[in-house]
Structures are given as structure tokens and as C-alpha cells.
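Participant: Numbering (my numbering), first residue to last: 14 to 279. Before I ask anything, here is the structure I am working with.
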Amino acid sequence: MAVSKRESVLWAVYDPEMDRTSYLMGTMHLKSSKAYSYALLAEKYVPLTDRYAGEMNLDAAEQADLHQHFRFLPDQSLSDFYTKRQYKRMSSIFYKVTGTKLSQVENLKPMAISNIIAESFVDVENELALDHHLWNYALKLDKELYGLESVQDQIEILASIPMKYQVTSLKQVLRNVNKYGKSITILGNLYAEGRFHKLYRKSKKSLGSLRLLMLYGRNKNMVNRFVELSADMSLFAAVGAAHLAGKNGMLHLLTDKGFQITPIFE
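Below is the structure:
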């Protein structure tokens, strides 16, 4: 069955064998009003299910202090990977964009620094990122809570991103910081408009050589977990919107497994 081309970030996933409907939603890990464009729509469907799953179990991630894996070991720092001239120039740009001195966060790995830069281009209009908000909403409804990936999966993914790639990527981000900021804004607009196919294509392009690690491999694993969790109860799952589209996307993989996919708009 082909995936519908109609644009939506929320999909009904019907299991014809069990006559049961679950749901898959694409989210953004941001606190902006654009990220919350479909929060009320999600809150309409979460109560209809028995289980809720995020990309990972956020409670388990907090207990495991996942953030430590974004930090260097004590004997390393960000400045070790750049020349003095490069680091000075990067520090100047970073301060102009974020209002924070790079020396204050140089214990963070380049990928985490890039995330800080990205967030500086996004308005913070809500206390929590959308995925965290939906997790808490499901918790209040006393839903069974799960992760489509384990915390260990996340740790292994982070550890697999080559440092050379991170170092080069951060340098390019700061060299073209206005272009980078514009791309972040465009992704937010695409999400608010529900144009997840184009959002996927832009995200895929930005990942470059990390597509297999960050998208395709994870999509396959998360679909397998989705199937497992929805086998005996209805499930509402929320993942980053870039995981939905494409021939290796979660929607296509679910149709390959016999599920019937329908976009939801209201």
C-alpha cells in the first residue's frame, strides 16, 4: 500500500489482523509555537490509546544522565580540536549569535555546541520541548510509557558519530551561521505547515554521511519496536518529524509490514 501524499504530521496506523488503530506523530524537539502547531491535535488522540512511546523513555534518560555523553572527558576540551586562530574566530561568532562565551561551554562536544546555536535561532515560547510536553501529558493520563529506542541505543548512536565529522560540521556552521539559522527557520515553517516530506528531504541532506546512522537504521529499529508495542494494545508514538517520510521512513516501513496508514487532520 502506498503512503498517502497528503501532508500531515499525525497518522492513524491500522492493524487489520488485530482490528486495532494506533497513531504515529512527527514532532520537533523545540519549545517554539511552531513546534506546538499540532499539540492540541495530539492531545485529542493520546487519550484514545493504552500506551505512549517517545523516541526514548525520557524518565530513563534523565536517570541515566544522557547529557554526560554530550560532554568531553575531563582531559579534553573543544579548543583541542581547532587552531588558535580558528577557535578565536569561532568564539567571536558564537558569542554574537548566542550571547554566551564559547569558553563557558567548551567542555561540550561540537554536536552539542551546534544544538545550542540552532536553539538560538528559535523562539522559546513554551516551558518544554513538544516531545517532552506530550510525554508529560501521557503521564498525567496514566498511560503506559515507553521508548521506541532504549537509552543505550541513544548512547551508542552518540558514540558512533565521528569526532572528525563533528569538528568539521561545527566549523562549517559557524562559518555560515546566517545560512544555518535560515535553514533552522525553514524547518520550523515546514513543520508548522505540515510539509513533512520536504522537511525530511532537507533533514536528510543536512545529515550527509550520517543518514544511515541517524535516520535509516533508527527508523527500522523504531518501527520494529512500534510493532511490538502495538501488538496487544493501542499505541500513540511520537518521533522526530524527519523519521516519517521517504522509502526508508517509518510510514513506508509500516505499510511494508501490512499496516494501513491514514493521515489525520482534525
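Yeah, the Cβ is synthetic: ideal placement off N, Cα and C, and Gly gets one too. No experiment lies behind these values; they were computed from the predicted model shown.
Quick check: the Cα distance between R224 and K217, rounded to an integer number of angstroms?
Facilitator: Numbered from its first residue, the sequence shown carries residue 224 at position 211. Numbered from its first residue, the sequence shown carries residue 217 at position 204. Roughly 6 Å separates the two Cα atoms.
Participant: What separation, rounded to the nearest whole angstrom, lies between the Cα atoms of S21 and V252?
Facilitator: In the sequence shown, residue 21 corresponds to position 8, counting from 1. In the sequence shown, residue 252 corresponds to position 239, counting from 1. Cα to Cα, the separation comes out at about 14 Å.
Participant: S50 and A205 - do their beta-carbons sit closer together than 8 Å?
Facilitator: As a first step, residue 205 is located in the sequence shown; it is residue number 192 there, counting from the start. As a first step, residue 50 is located in the sequence shown; it is residue number 37 there, counting from the start. Yes, these two residues count as a Cβ contact at 8 Å.
Participant: Using only alpha-carbon positions, find the residue among D78, L226, F209 that is nearest to A258.
Facilitator: Walking along the sequence shown from the start, residue 258 turns up at place 245. Among D78, L226, F209, the Cα nearest to that of A258 belongs to F209.
Participant: Run through DSSP, which three-state label would F85 get?
Facilitator: Position 72 of the sequence shown, counted from the start, is the residue given in the question as residue 85. Correct three-state label for F85: coil.
Participant: If you compare alpha carbons, which of R33, L37, D28 is closest to M235?
Facilitator: Counted from its first residue, the sequence shown places residue 235 at position 222. Checked all of R33, L37, D28; the closest Cα to M235 is L37.
Participant: Report back the beta-carbon spacing between A66 and L248 to the nearest angstrom; my notes put them in contact at under 8 Å.
Facilitator: Indexing the sequence shown from 1 puts residue 66 at position 53. Indexing the sequence shown from 1 puts residue 248 at position 235. Sure, about 6 Å apart at Cβ, within 8 Å.
Participant: Helix, strand or coil: how does DSSP classify G271 here?
Facilitator: The sequence position of residue 271 within the sequence shown is 258, counting from 1. In this structure, G271 counts as coil in the three-state DSSP scheme.
Participant: Hey, L79 and Y159: beta-carbon distance below 8 Å or not?
Facilitator: For the purposes of this step, residue 79 is taken as residue 66 along the sequence shown, with counting starting at 1. For the purposes of this step, residue 159 is taken as residue 146 along the sequence shown, with counting starting at 1. No. Outside cutoff.
Participant: Identify the continuous beta strand (DSSP E) that holds L23 and give its terminal residues.
Facilitator: Position 10 of the sequence shown, counting from 1, holds the residue named residue 23. Here the beta strand (DSSP E) through L23 covers 23-28.
Participant: Among V180, Q89, I130, whose alpha-carbon lies nearest the alpha-carbon of S196?
Facilitator: Working through the sequence shown from its first residue, we reach residue 196 at position 183. For S196, the nearest C-alpha among the options comes from I130.
Participant: Relative to the C-alpha of K109, which candidate in G194, V59, N139 has its C-alpha closest?
Facilitator: Locating residue 109 in the sequence shown gives position 96, where the first residue counts as 1. Here the closest residue by C-alpha is G194.
Participant: Apply the 10 Å Cβ neighbour rule to A244 and answer buried if 16 or more other Cβ atoms are within range, or exposed otherwise.
Facilitator: Counting from 1 along the sequence shown, the entry for residue 244 is found at position 231. A244 comes out exposed.
Participant: Less than 8 Å between the C-beta atoms of L228 and H256, yes or no?
Facilitator: Mapped onto the sequence shown, residue 228 falls at position 215. Mapped onto the sequence shown, residue 256 falls at position 243. It is a contact, given that the beta carbons lie within the stated cut-off.
Participant: In the DSSP assignment, what residue or residues form a beta bridge with L226?
Facilitator: In the sequence shown, counting from the first residue as 1, residue 226 sits at position 213. Its beta-bridge partners do not exist; DSSP assigns none.
Participant: My understanding is that L267 touches V26, with C-beta atoms under 8 Å, so please give their C-beta distance in whole angstroms.
Facilitator: Counting from 1 along the sequence shown, the entry for residue 267 is found at position 254. Counting from 1 along the sequence shown, the entry for residue 26 is found at position 13. Confirmed, about 6 Å.
Participant: I'd like to confirm the pairing. Which residues does DSSP put opposite S35 in its beta bridges?
Facilitator: As a first step, residue 35 is located in the sequence shown; it is residue number 22 there, counting from the start. In the DSSP output, where bridge partners are listed per residue, S35 has V26.
Participant: Got a sec? Which residues, its chain only, sit under 6 Å from L203 by beta carbon, not counting five neighbours each side?
Facilitator: Taking the first residue of the sequence shown as position 1, residue 203 is located at position 190. For L203, where only same-chain residues beyond five positions count, the Cβ hits under 6 Å are K211, L212.
Participant: Assuming K47 contacts G201 under a Cβ cut-off of 8 Å, what Cβ separation, rounded to an integer in Å, is found between them?
Facilitator: In the sequence shown, residue 47 corresponds to position 34, counting from 1. In the sequence shown, residue 201 corresponds to position 188, counting from 1. The pair is a contact, with the Cβ atoms about 4 Å apart (cut-off 8 Å).
Participant: Taking buried to mean at least 16 other C-beta atoms within 10 Å of its own C-beta, is K260 buried or exposed?
Facilitator: Reading the sequence shown from its first residue, position 247 is the one you call residue 260. Exposed.
Participant: With respect to the alpha helix (DSSP H) encompassing E132, which residues constitute its N-terminal and C-terminal limits?
Facilitator: Translated into the one-based positions of the sequence shown, residue 132 becomes position 119. E132 -> alpha helix (DSSP H) spans 123-133.
Participant: Going along the chain, which residues of its own chain have a beta-carbon closer than 6 Å to the beta-carbon of V135, five neighbours each way excluded?
Facilitator: If you number the sequence shown from 1, residue 135 lands on position 122. Within the same chain, V135 has close Cβ partners L43, S45.
Participant: L248 by DSSP, collapsed to three states: which one?
Facilitator: Numbered from its first residue, the sequence shown carries residue 248 at position 235. Here L248 sits in strand by DSSP.
Participant: Excluding the 5 residues flanking I106 on each side, which residues of the same chain have their C-beta closer than 7 Å to its C-beta?
Facilitator: As a first step, residue 106 is located in the sequence shown; it is residue number 93 there, counting from the start. Hits under 7 Å: L187, V190.
Participant: Using DSSP bridges, identify the partner residues of M69.
Facilitator: If you number the sequence shown from 1, residue 69 lands on position 56. M69 pairs with E162.
Participant: Could you check which residue in T34, G39, R84 has the C-alpha nearest to that of L61?
Facilitator: On the sequence shown, residue 61 is found 48 positions in, with the first residue counted as 1. Nearest of T34, G39, R84 to L61, Cα basis: T34.
Participant: Judging by CA-CA distance, which residue of L23, P29, I168, R84 is the nearest neighbour of A55?
Facilitator: Here residue 55 refers to the residue found at position 42 when the sequence shown is read from its first residue. A55 has its Cα closest to that of L23, out of L23, P29, I168, R84.
Participant: Buried or exposed, going by whether 16 or more other CB atoms sit within 10 Å of the CB of F272?
Facilitator: The residue given as residue 272 occupies position 259 in the sequence shown. Classification for F272: buried.
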